[in-house]
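Novice: One structure, as structure tokens, below. Some questions next.
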Amino acid sequence: MAYCVNCGVKMTPPEKVCPLCGLEAYNPREPLSDAKSRYPEQMERTSVVNRRFVASIISLLLIVPTGICLLLNLLLVKDSPWSVFVIGSLALFFVAALLPILMHKPHPLFCLTLDTAAISLFLLMIVVFITPGNWRWYLILALPITIAAGGFASLMVFLSRFSYFRPILRLVAYSLMLIGIYLLGLEMLLHAYIGTPWAPFWSWIPFAACVMTALFFLFLNRSRKWQEEITKKIFI
Numbered sequence: 010m011a012y013c014v015n016c017g018v019k020m021t022p023p024e025k026v027c028p029l030c031g032l033e034a035y036n037p038r039e040p041l042s043d044a045k046s047r048y049p050e051q052m053e054r055t056s057v058v059n060r061r062f063v064a065s066i067i068s069l070l071l072i073v074p075t076g077i078c079l080l081l082n083l084l085l086v087k088d089s090p091w092s093v094f095v096i097g098s099l100a101l102f103f104v105a106a107l108l109p110i111l112m113h114k115p116h117p118l119f120c121l122t123l124d125t126a127a128i129s130l131f132l133l134m135i136v137v138f139i140t141p142g143n144w145r146w147y148l149i150l151a152l153p154i155t156i157a158a159g160g161f162a163s164l165m166v167f168l169s170r171f172s173y174f175r176p177i178l179r180l181v182a183y184s185l186m187l188i189g190i191y192l193l194g195l196e197m198l199l200h201a202y203i204g205t206p207w208a209p210f211w212s213w214i215p216f217a218a219c220v221m222t223a224l225f226f227l228f229l230n231r232s233r234k235w236q237e238e239i240t241k242k243i244f245i
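Using my numbering, count along the sequence shown one by one with no gaps and you end on 245.
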């Protein structure tokens, strides 16, 4: 085992020059051999998948089932607008899964707003084509649930931009609290749709579970010792 006299780098026996400074090395007590070097002669390049290109191809492929379903509905099955739901489902998939990949720098709040609007329009399509004239379940139940879910998700994304919510345990804790509040509101909407006075019954159980779990995460976030103990238990 030789060392470079110029920079002191340790060299393996088959190396004739220093890999760092390029100085030729020669040790008379250690003749050169034809052993294989530990460094590869060529650097292997890992191919990177172009996600935007793949998303573009998938988006173009979605046009095929859309056109086929629309033609079948117009030419063969004319008494039911079933193709509208297929097209709506594919459009919802495009907005939720493919559009953020196709965008150059997708903003999470903008994507969540688009997802909420797309789901609301899909539910509106159900009202128009399946239950025409019956707007009550959409206005009292479906639309508020969708907007509240999108609003709570957008709120957590917005709060995660502040340094106070940067620790993942603290962010998870407040997310659980919002989920508990959301479930209380969900039961309130169900009572409003049925027409009975609001009296929380089943929503108290997941609300209490969310609050207790959130308090545990907040305690865990403040206790470095407990974090280390749990980490050791998990990775043993």
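We treat Cβ as the ideally placed atom computed from N, Cα and C, and that holds for glycine. Just so it is clear, the structure is predicted and the values come from calculations on it, not from any experiment.
What is the residue span of the alpha helix (DSSP H) that Gly-189 lies within?
Specialist: Residue mapping note: residue 189 aligns to position 180 of the sequence shown, counting from 1. For Gly-189, the uninterrupted alpha helix (DSSP H) run begins and ends at 177-203, by DSSP.
Novice: Is the separation between the beta-carbon of Leu-185 and that of Thr-240 shorter than 8 Å?
Specialist: Sequence index remark: in the sequence shown, residue 185 carries index 176 (1-based). Sequence index remark: in the sequence shown, residue 240 carries index 231 (1-based). No.
Novice: Whole angstroms are fine: how far does the CA of Ser-163 sit from the CA of Pro-117?
Specialist: Within the sequence shown, the letter at position 108 stands for residue 117. Within the sequence shown, the letter at position 154 stands for residue 163. Answer to the nearest angstrom: the Cα atoms are 8 Å apart.
Novice: Since I believe Trp-207 is in contact with Met-197 (beta carbons under 8 Å), could you give me their beta-carbon distance rounded to a whole number of angstroms?
Specialist: As a working mapping, residue 197 is identified with position 188 in the sequence shown. As a working mapping, residue 207 is identified with position 198 in the sequence shown. Confirmed, about 5 Å.
Novice: Cβ atoms of Val-93 and Phe-138: under 8 Å apart, would you say?
Specialist: Against the sequence shown, residue 138 aligns to sequence position 129. Against the sequence shown, residue 93 aligns to sequence position 84. Yes, they are a contact pair.
Novice: Grab the span of the alpha helix (DSSP H) containing Ala-106 for me, first residue to last.
Specialist: Locating residue 106 in the sequence shown gives position 97, counting from the first residue. No alpha helix (DSSP H) contains Ala-106, which DSSP labels as neither H nor E.
Novice: Which residue's Cα is closest to the Cα of Thr-140: Lys-242, Ser-89, Gly-31 and Leu-99?
Specialist: As a position in the sequence shown, residue 140 is number 131, starting the count at 1. Among Lys-242, Ser-89, Gly-31 and Leu-99, the Cα nearest to that of Thr-140 is on Ser-89.
Novice: Relative to the alpha-carbon of Ile-77, which residue among Gly-31, Trp-91 and Trp-144 has its alpha-carbon at the smallest distance?
Specialist: Here residue 77 refers to the residue found at position 68 of the sequence shown. For the residues Gly-31, Trp-91 and Trp-144, the minimum Cα distance to Ile-77 belongs to Trp-91.
Novice: For a test of the three-state rule: what should DSSP assign to Val-86, helix, strand or coil?
Specialist: As a working mapping, residue 86 is identified with position 77 in the sequence shown. Of the three classes helix, strand and coil, the one that applies to Val-86 here is coil, per DSSP.
Novice: Quick test of your reading: Phe-226 and Ala-157, contact by CB under 8 Å. State the CB separation rounded to the nearest angstrom.
Specialist: The residue labelled residue 226 in the question sits at position 217 within the sequence shown. The residue labelled residue 157 in the question sits at position 148 within the sequence shown. Their Cβ separation, rounded to whole angstroms, is 23 Å, which puts Phe-226 and Ala-157 out of contact at 8 Å.
Novice: In the DSSP assignment, find the unbroken alpha helix (DSSP H) run with Thr-140 in it and report its ends.
Specialist: The sequence position of residue 140 within the sequence shown is 131, counting from 1. It is not in any alpha helix (DSSP H) - Thr-140 carries neither H nor E in the DSSP assignment.
Novice: Alpha carbon to alpha carbon, how far is Trp-235 from Leu-150? Give it in angstroms, no decimals.
Specialist: Reading the sequence shown from its first residue, position 141 is the one you call residue 150. Reading the sequence shown from its first residue, position 226 is the one you call residue 235. Roughly 42 Å separates the two Cα atoms.
Novice: Hey, is Ile-149 close to the ligand FAD, as in C-beta under 7 Å from one of its heavy atoms?
Specialist: As for the ligand FAD, it is missing from this structure, which has no ligand bound.
Novice: Whole-angstrom Cβ separation of Leu-84 and Phe-131, contact assumed at under 8 Å?
Specialist: For the purposes of this step, residue 84 is taken as residue 75 along the sequence shown, with counting starting at 1. For the purposes of this step, residue 131 is taken as residue 122 along the sequence shown, with counting starting at 1. Contact doesn't hold; Cβ gap of about 25 Å is too wide.
Novice: Taking just the CA atoms, how far does Arg-145 sit from Ser-98?
Specialist: For the purposes of this step, residue 98 is taken as residue 89 along the sequence shown, with counting starting at 1. For the purposes of this step, residue 145 is taken as residue 136 along the sequence shown, with counting starting at 1. Those two C-alpha atoms are separated by around 23 Å.
Novice: Let me know if Tyr-173 comes out buried or exposed under the rule of 16 or more other beta-carbons within 10 Å of its beta-carbon.
Specialist: Here the question's residue 173 lines up with position 164 in the sequence shown. The residue in question, Tyr-173, is exposed, as its Cβ has fewer than 16 Cβ neighbours within 10 Å.
Novice: Keeping to the same chain, check which residues put their C-beta closer than 8 Å to that of Leu-229; ignore five residues upstream and five downstream.
Specialist: Taking the sequence shown and counting its residues from 1, one reaches residue 229 at position 220. Cβ neighbours of Leu-229 beyond the five flanking positions: Leu-178, Trp-235, Gln-236 and Ile-239.
Novice: Of the choices Ala-201, Arg-233 and Leu-192, whose alpha-carbon is the least far from that of Phe-216?
Specialist: One-based indexing of the sequence shown puts residue 216 at position 207. With distances taken between Cα atoms, Phe-216 lies closest to Leu-192.
Novice: For a test of the three-state rule: what should DSSP assign to Lys-242, helix, strand or coil?
Specialist: The residue given as residue 242 occupies position 233 in the sequence shown. Of the three classes helix, strand and coil, the one that applies to Lys-242 here is helix, per DSSP.
Novice: Which residues mark the beginning and the end of the alpha helix (DSSP H) in which Pro-28 is found?
Specialist: As a working note, residue 28 is residue 19 in the sequence shown. That residue, Pro-28, is in no alpha helix (DSSP H); it is neither H nor E in DSSP.
Novice: Leaving aside the five residues before and after Val-95 along the sequence, list all residues of the same chain whose C-beta is less than 6 Å from its C-beta, in chain order.
Specialist: Position 86 of the sequence shown, counted from the first residue, corresponds to residue 95. Within the same chain, Cβ atoms closer than 6 Å to the Cβ of Val-95 are found at Cys-78, the five residues on either side in sequence being excluded.
Novice: Within 10 Å of its beta-carbon, does Gly-142 have 16 or more other beta-carbons around it, so buried, or fewer, so exposed?
Specialist: The count along the sequence shown starts at 1 and reaches residue 142 at position 133. Gly-142 should be labelled exposed.
Novice: Suppose you measure from the CA of Thr-125 to the CA of Thr-155; what does that come to, to the nearest Å?
Specialist: For the purposes of this step, residue 125 is taken as residue 116 along the sequence shown, with counting starting at 1. For the purposes of this step, residue 155 is taken as residue 146 along the sequence shown, with counting starting at 1. Looking at the two C-alpha atoms, the distance is approximately 6 Å.
Novice: For Gly-31, count neighbouring Cβ atoms within 10 angstroms of its own Cβ and tell me buried if that reaches 16, exposed if not.
Specialist: As a working note, residue 31 is residue 22 in the sequence shown. The residue in question, Gly-31, is exposed, as its Cβ has fewer than 16 Cβ neighbours within 10 Å.
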